[in-house]
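So the mapping is simple: the working numbering equals the position in the sequence shown, first residue as 1, plus 13.
Glycine included, every Cβ here is placed at the ideal spot set by N, Cα and C.
Keep in mind the model is a prediction, meaning the values are calculated, not measured.
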Amino acid sequence: MGIANKGINGPVSGKVGSNVFYTVKGKNYIRTVPDIGSVKPTPKRLRQRQRLSLVTAFLKPFKDLVKITFAHITTGRSAYHTAQSLNMKNCIVGDVYPDQEIDYSKTILSTGNLQLPQKCSVKRVDSGLLFEWDGFDIGTNDTLMVTFLDSSKVWSEYRFTAATKYDKQYFWDACLDDDPVYVWMAFRSHNQQDMSDSVYLGQV
14 MGIANKGING PVSGKVGSNV FYTVKGKNYI RTVPDIGSVK PTPKRLRQRQ
64 RLSLVTAFLK PFKDLVKITF AHITTGRSAY HTAQSLNMKN CIVGDVYPDQ
114 EIDYSKTILS TGNLQLPQKC SVKRVDSGLL FEWDGFDIGT NDTLMVTFLD
164 SSKVWSEYRF TAATKYDKQY FWDACLDDDP VYVWMAFRSH NQQDMSDSVY
214 LGQV
């Protein structure tokens with residue numbers, strides 16, 4: 014802090030750049046505001062920043078999808094931020110910066126009250142994906158949602174299908190190349206007002 018002489022137009026007050034000018038008992042002072050960016054972040058802040066960065070990067074290819082699959086539970090904030098919050102709480106493994114990463118088996122691309130079949134699986138057939146599940150007596154009119162993330166984790170595709178739980182299988186002619194993809198599935202209610210939790214089916 015220093016004492017500032019009057020400017021050519023009288024006393025100077027307010028903030029200019031990183032300097033704050035103010036007057037106390039008739040004297041003019043200048044104080045430099047510290048650059049917050051130069052303050053070394055705490056381990057807790059670094060941990061939280063990395064968690065946010067990991068989840069943001071994961072959800073980016075699914076941004077359009079989660080607007081639909083989280084819309085029914087969103088109150089007071091966007092569907093995307095609801096998805097972001099749930100994934101930050103559930104899908105990060107490791108508790109120390111920088112040793113944190115996404116656990117794909119714990120990722121959440123939809124959530125809701127619908128029940129999933131007990132056994133869900135996917136396998137490659139030619140250039141497509143064959144989804145299979147056990148028959149299910151509850152909510153047989155619920156329809157299948159499928160999605161995959163490419164091996165570079167940059168882009169995704171999704172599809173809301175007409176296949177119901179009663180159908181027990183669905184083939185997606187996704188025109189895949191030879192690179193593996195990360196795959197999920199879920200079910201949506203017939204009236205489109207509810208979802209099941211998504212289930213990660215692995216990399217195929």
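Determine the contact status of residue i and residue j, defining contact as a CB-CB distance below 7 Å.
| i | j | result |
| --- | --- | --- |
| Cys-133 | Val-52 | no |
| Trp-185 | Leu-122 | no |
| Phe-161 | Val-194 | yes |
| Val-135 | Val-217 | yes |
| Ser-31 | Val-46 | yes |
| Pro-130 | Asp-108 | no |
| Val-29 | Arg-44 | no |
| Tyr-183 | Ala-175 | no |
| Phe-83 | Ala-70 | no |
Please work out which residues of its chain come closer than 7 Å, Cβ to Cβ, to residue i, disregarding the five sequence neighbours upstream and downstream, and give them in chain order.
| i | result |
| --- | --- |
| Lys-80 | Ala-92 and Tyr-93 |
| Tyr-110 | Pro-56, Leu-59, Arg-60 and Gln-63 |
| Leu-127 | Gly-152, Asp-155, Phe-200, Ser-202, Asp-207, Met-208 and Ser-209 |
| Tyr-35 | Ser-26 and Tyr-42 |
| Ser-118 | Tyr-213 |
With DSSP as the reference, label residue i as helix, strand or coil.
| i | result |
| --- | --- |
| Tyr-95 | Note on residue identity: the sequence assigns Thr, not Tyr, to residue 95. Of the three classes helix, strand and coil, the one that applies to Thr-95 here is helix, per DSSP. |
| Lys-102 | helix |
| Lys-53 | coil |
| Ile-151 | coil |
| Tyr-35 | strand |
Tell me, which residues are paired with residue i by DSSP?
| i | result |
| --- | --- |
| Arg-137 | Leu-142 |
| Val-46 | DSSP output for Val-46 lists no bridge partner at all. |
| Arg-90 | Arg-90 is not bridged to any residue. |
| Thr-174 | According to DSSP, Thr-174 bridges with nothing at all. |
| Ile-115 | Ile-105 |
| Leu-129 | Beta-bridge pairing links Leu-129 to no other residue. |
Terminal residues of the continuous alpha helix (DSSP H) containing residue i?
| i | result |
| --- | --- |
| Phe-71 | 56-72 |
Residues in the same chain with beta-carbon distance under 8 Å from residue i, minus the five sequence neighbours each way, listed in chain order, please.
| i | result |
| --- | --- |
| Ile-105 | Arg-64, Leu-67, Val-68, Gln-113, Glu-114, Ile-115 and Asp-116 |
| Ser-169 | Pro-74, Phe-75, Leu-78, Thr-160, Phe-161, Leu-162 and Asp-163 |
Can you tell me where the beta strand (DSSP E) holding residue i begins and where it ends?
| i | result |
| --- | --- |
| Ile-81 | No beta strand (DSSP E) contains Ile-81, which is instead part of the alpha helix (DSSP H) from 76-82. |
| Trp-185 | 182-185 |
| Gln-1 | One cannot answer for residue 1 here, as it falls past the ends of the chain, which runs 14 to 217. |
| Tyr-195 | 195-201 |
| Thr-120 | Premise fails: Thr-120 is in no beta strand (DSSP E) and is neither H nor E. |
| Met-208 | Per DSSP, Met-208 belongs to no beta strand (DSSP E) and is neither H nor E. |
| Leu-157 | 156-162 |
Enumerate in chain order the residues of its own chain whose CB-to-CB distance from residue i is below 6 Å, with the five nearest sequence positions on each side excluded.
| i | result |
| --- | --- |
| Ala-187 | Gly-141 and Leu-142 |
| Leu-99 | Ile-121 |
| Tyr-171 | Leu-78 and Thr-160 |
| Arg-137 | Val-217 |
Distance cutoff 7 Å, beta carbons only. Does residue i sit that close to anything in chain B?
| i | result |
| --- | --- |
| His-94 | Reference to chain B is not applicable here, since this structure consists of a single protein chain. |
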